[in-house]
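Trainee:
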Amino acid sequence: NKDDLVEAMRKKVEGIPGVEFNFSQVIQTRNDELISGINAQIAVKIFGEDQETLLKLAEQVRDAISNTTGVQDLAVEQVGGEQHLEVSLNRSELARYGLNVSDVLEAAKIAIGGDEATQVLEGQRRFAIFVRLDQDYRNQVEKLGNILIAAPIGGRVPLGQLASFKLSSGDAVIGRENALRRIVVKCNVADRDIGGFVSDAQGFVNRQVKLPPGYFITWGGQFQNAQQANRRLAIAIPIALVLVFILIYACFGSLRNTLTIILNIPIALVGSTFFLLISGYPLSVPALVGFIAVFGIAVQNGMVMVSYINKLRRKGMELREAVIEGASVRLRPEMLSALIGSISLIPFIISTGTGAEIEKPLAIVVVGGMVTSPIKIVVLPMVYDWIESAVARRAERKAARKDDELIRQEEE
């Protein structure tokens, strides 16, 4: 499968000095780049002024994140390692021979990088002709000093007498975001949820990395989508529950029946949460969608049972008899519904292909809610009987008090 393939490739390429690897796929890479601008699941962006300080902080962040369980392909964005040729001019020698700074720099530029000398015409096509030193000369710094520069006062002066040359390592890339310099530490996550990984990694970084004034860290990547979805669901789910409550109340016209039906929701959550826990999957967005589906199933089953019990009571059946009759009649449909629903979702639970990471948590949550649905057949009628009996006893006590008052008034 994909995980085994990635692990096999990782073992083959690990240990190559100076090379960092990141394993991804085309669409996944595009999504990661759209989210954080980095082709990795997690991107830790460090902002500040000085490039060297940023690099040191990035290395500290990398070392801190390396302690987090599940980290893979951890690397600091490659920003250095670019070779530069430094030219240090001897201005006294330049003045002695009457040369300008631009004369020396122009000679060095033409010798190494080349310059357009002329163009060749072939029909309507034009080809530029560049002139520069032979590769053996331009790739050896010590030979650059042998280039002869024509002096205005006459004669030729070796370039090495006018300037010194030195190879140095400099920045290849200077990353910027929102007009600020930044460097990125990127990584992928394996065998755990991204939200939990980020939480643990942030703890390690906060304890081990001390940021100078003016420097700050932001966290980006796929977990941003999960955070945004969780924030939306944190608003949508309560609104949905309120709307469900209003619709149930409008249907039955009884607050007692509405509360009894709503009680089905936490009962269904018990089975869904237990199945999600034993499966080892985190509470992700697909799992939350599965919980919403379980809410709907629980409310539907509760409405059918309470409606049937109310129907039996309207026909003149006693409360306890109506409750027992309603639970008995609904037992078989509930069992068959849970069985059929669970069997139909088994292919999603055992799937390993594309999209399995979304299908599995959703199916596990729904199956958990369905498998434990027979519990509602026992609990819901008991709650219904308890609430209705309590209301009936309260009504009897109120009626008894009224009778006692009437008797006292007649006696007075």
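The numbering used here applies: residue 22 is where the sequence shown begins, and numbers increase by one. Glycine included, C-beta positions come from ideal geometry on N, C-alpha and C.
Taking Cβ to Cβ, would you say Ile385 is nearer than 9 Å to Leu290?
Mentor: Working through the sequence shown from its first residue, we reach residue 385 at position 364. Working through the sequence shown from its first residue, we reach residue 290 at position 269. Cβ atoms of Ile385 and Leu290: not closer than 9 Å.
Trainee: The beta strand (DSSP E) spanning Asn209 covers which residue range?
Mentor: Translated into positions along the sequence shown, residue 209 becomes position 188. Taken as a continuous stretch (DSSP letters only), the beta strand (DSSP E) holding Asn209 covers 201 to 210.
Trainee: At 4 residues or longer, what runs of the alpha helix (DSSP H) sit wholly inside the stretch 301 to 368?
Mentor: Listed in chain order, they are 306 to 335.
Trainee: Out of Gly176, Ser363, Tyr158, Val205, which has the shortest C-alpha to C-alpha gap to Leu78?
Mentor: Counting from 1 along the sequence shown, the entry for residue 78 is found at position 57. Taking only the C-alpha atoms, the option nearest Leu78 is Val205.
Trainee: Let me check understanding here. Comparing Cα to Cα, which of Cys208, Val178, Ile238, Ala96 lies closest to Leu201?
Mentor: As a working note, residue 201 is residue 180 in the sequence shown. Cα-wise, what sits closest to Leu201 is Ile238.
Trainee: Three Cβ pairs or more, each shorter than 8 Å: is that satisfied between the stretch 157 to 165 and the stretch 84 to 94?
Mentor: With the cut-off at 8 Å, the stretch 157 to 165 and the stretch 84 to 94 do not touch.
Trainee: Looking only at C-alpha atoms, which of Asp94, Arg117, Thr373 sits nearest to Lys32?
Mentor: Here residue 32 corresponds to residue number 11 of the sequence shown, with the count starting at 1. The candidate whose alpha carbon is nearest that of Lys32 is Asp94.
Trainee: On the CB-based measure, 16 or more other CB atoms within 10 Å of its CB, does Gly241 come out buried or exposed?
Mentor: Locating residue 241 in the sequence shown gives position 220, where the first residue counts as 1. Label assigned to Gly241: buried.
Trainee: Could you give the C-beta distance for Val82 and Ile63, rounded to a whole number, given that I count them as a contact under 8 Å?
Mentor: For the purposes of this step, residue 82 is taken as residue 61 along the sequence shown, with counting starting at 1. For the purposes of this step, residue 63 is taken as residue 42 along the sequence shown, with counting starting at 1. In fact, because the Cβ distance is near 11 Å, the residues do not count as touching under 8 Å.
Trainee: Decide if Asn246 is buried, meaning its Cβ has at least 16 other Cβ atoms within 10 Å, or exposed.
Mentor: Mapped onto the sequence shown, residue 246 falls at position 225. The residue in question, Asn246, is exposed, as its Cβ has fewer than 16 Cβ neighbours within 10 Å.
Trainee: Counting C-beta neighbours from all protein chains within 10 Å, is the total for Leu366 16 or more, i.e. buried, or is it exposed?
Mentor: Position 345 of the sequence shown, counted from the start, is the residue given in the question as residue 366. Buried.
Trainee: Looking at the structure shown, is Ser472 part of a helix, part of a strand, or coil, going by DSSP?
Mentor: As shown, the chain starts at 22 and ends at 433. That puts residue 472 outside it, with no answer to give.
Trainee: Under the DSSP definition of a beta bridge, which residues are partnered with Phe148?
Mentor: Start at 1 with the first residue of the sequence shown, and residue 148 comes out as number 127. In the DSSP output, where bridge partners are listed per residue, Phe148 has Val141.
Trainee: Using the Cβ count rule (16 or more neighbours within 10 Å means buried), how would you classify Phe9?
Mentor: An answer regarding residue 9 cannot be provided, because it is not within the stretch 22 to 433 covered by the chain.
Trainee: Kindly examine the ligand COA and report whether one of its heavy atoms sits closer than 8 Å to the Cβ of Pro382.
Mentor: For the ligand COA, the structure offers nothing, since it holds no ligand at all.
Trainee: Looking only at C-alpha atoms, which of Ile364, Leu401, Ala420, Met338 sits nearest to Asn285?
Mentor: Counting from 1 along the sequence shown, the entry for residue 285 is found at position 264. That would be Leu401, whose Cα lies nearest to the Cα of Asn285.
Trainee: From Asp71, Asp424, Trp407, Val263, pick the residue whose C-alpha is nearest to that of Arg197; which is it?
Mentor: Within the sequence shown, residue 197 is the residue found at index 176, counting from 1. Of the listed residues, the one whose Cα sits closest to Arg197 is Asp71.
Trainee: Please list the terminal residues of the continuous alpha helix (DSSP H) segment that includes Ser109.
Mentor: On the sequence shown, residue 109 is found 88 positions in, with the first residue counted as 1. From DSSP, Ser109 is part of no alpha helix (DSSP H) but of the beta strand (DSSP E) over 103 to 110.
Trainee: For the beta strand (DSSP E) that contains Ala96, what are its first and last residues?
Mentor: Numbered from its first residue, the sequence shown carries residue 96 at position 75. Start and end: 92 to 97.
Trainee: Secondary structure at Glu426, three-state DSSP: helix, strand or coil?
Mentor: Walking along the sequence shown from the start, residue 426 turns up at place 405. Helix, per DSSP.
Trainee: How would you call Ser305, buried or exposed, if buried means at least 16 neighbouring beta carbons within 10 angstroms?
Mentor: In the sequence shown, residue 305 corresponds to position 284, counting from 1. Ser305 comes out buried.
Trainee: Which one or two residues does DSSP pair with Asp136 in a beta bridge?
Mentor: For the purposes of this step, residue 136 is identified with residue 115 of the sequence shown, where counting begins at 1. According to DSSP, Asp136 bridges with Val152.
Trainee: So, does the stretch 98 to 114 touch the stretch 168 to 185, judging by three or more C-beta pairs under 8 Å?
Mentor: With the cut-off at 8 Å, the stretch 98 to 114 and the stretch 168 to 185 touch.
Trainee: Residue range of the alpha helix (DSSP H) that Thr279 falls in?
Mentor: Residue mapping note: residue 279 aligns to position 258 of the sequence shown, counting from 1. Its alpha helix (DSSP H) spans residues 276 to 283.
Trainee: Under the rule that 16 or more other beta-carbon atoms within 10 Å means buried, what is Arg203, buried or exposed?
Mentor: Counted from its first residue, the sequence shown places residue 203 at position 182. Arg203 is buried by the Cβ-count criterion.
Trainee: Could you spell out where the beta strand (DSSP E) holding Lys66 opens and where it closes?
Mentor: The residue you call residue 66 lines up with position 45 of the sequence shown. Counting along the chain, the beta strand (DSSP E) containing Lys66 begins and ends at 63 to 69.
Trainee: Looking only at its chain, what residues have a beta carbon closer than 8 Å to the beta carbon of Val226, apart from the 5 residues adjacent to it on each side?
Mentor: On the sequence shown, residue 226 is found 205 positions in, with the first residue counted as 1. Closer than 8 Å at the Cβ level, and outside the excluded window around Val226, lie Val65, Val82, Ala85, Ile86, Ile238.
Trainee: Using the beta-carbon count (16 or more within 10 Å), is Arg418 buried or exposed?
Mentor: Position 397 of the sequence shown, counting from 1, holds the residue named residue 418. By the 10 Å Cβ count, Arg418 comes out exposed.
Trainee: Look up Ile170 in the DSSP assignment and give the residues it is bridged to.
Mentor: By one-based count along the sequence shown, residue 170 stands at place 149. Ile170 is bridged to Val178.
Trainee: Which class does Phe237 belong to by DSSP, given the choice of helix, strand or coil?
Mentor: By 1-based counting over the sequence shown, the position of residue 237 is 216. The answer is strand: DSSP assigns Phe237 an E or B state.
Trainee: Going by alpha carbons, who is nearest to Leu232 out of Ile215, Ala319, Gly69, Ala250?
Mentor: For the purposes of this step, residue 232 is identified with residue 211 of the sequence shown, where counting begins at 1. Nearest of Ile215, Ala319, Gly69, Ala250 to Leu232, Cα basis: Gly69.
Trainee: Looking only at DSSP bridge pairs, what is Ser185 linked to?
Mentor: For the purposes of this step, residue 185 is identified with residue 164 of the sequence shown, where counting begins at 1. Its beta-bridge partners are Ser109.
Trainee: Using the rule of at least 16 other Cβ atoms within 10 Å of the residue's Cβ for burial, across every protein chain shown, is Asn199 buried or exposed?
Mentor: Residue numbering aside, residue 199 sits at position 178 when the sequence shown is read from its first letter. Label assigned to Asn199: exposed.
Trainee: Are the stretch 321 to 330 and the stretch 402 to 409 in contact at 8 Å, needing three or more beta carbon pairs?
Mentor: Contact holds: three or more Cβ-Cβ distances are below 8 Å.
Trainee: Roughly how many whole angstroms lie between the Cα atoms of Cys272 and Glu426?
Mentor: By one-based count along the sequence shown, residue 272 stands at place 251. By one-based count along the sequence shown, residue 426 stands at place 405. So the two alpha carbons sit approximately 37 Å from each other.
Trainee: Taking DSSP as the reference, what is the three-state secondary structure of Glu41?
Mentor: One-based indexing of the sequence shown puts residue 41 at position 20. In the structure shown, Glu41 sits in coil (DSSP, three-state: anything other than H, G, I, E or B).
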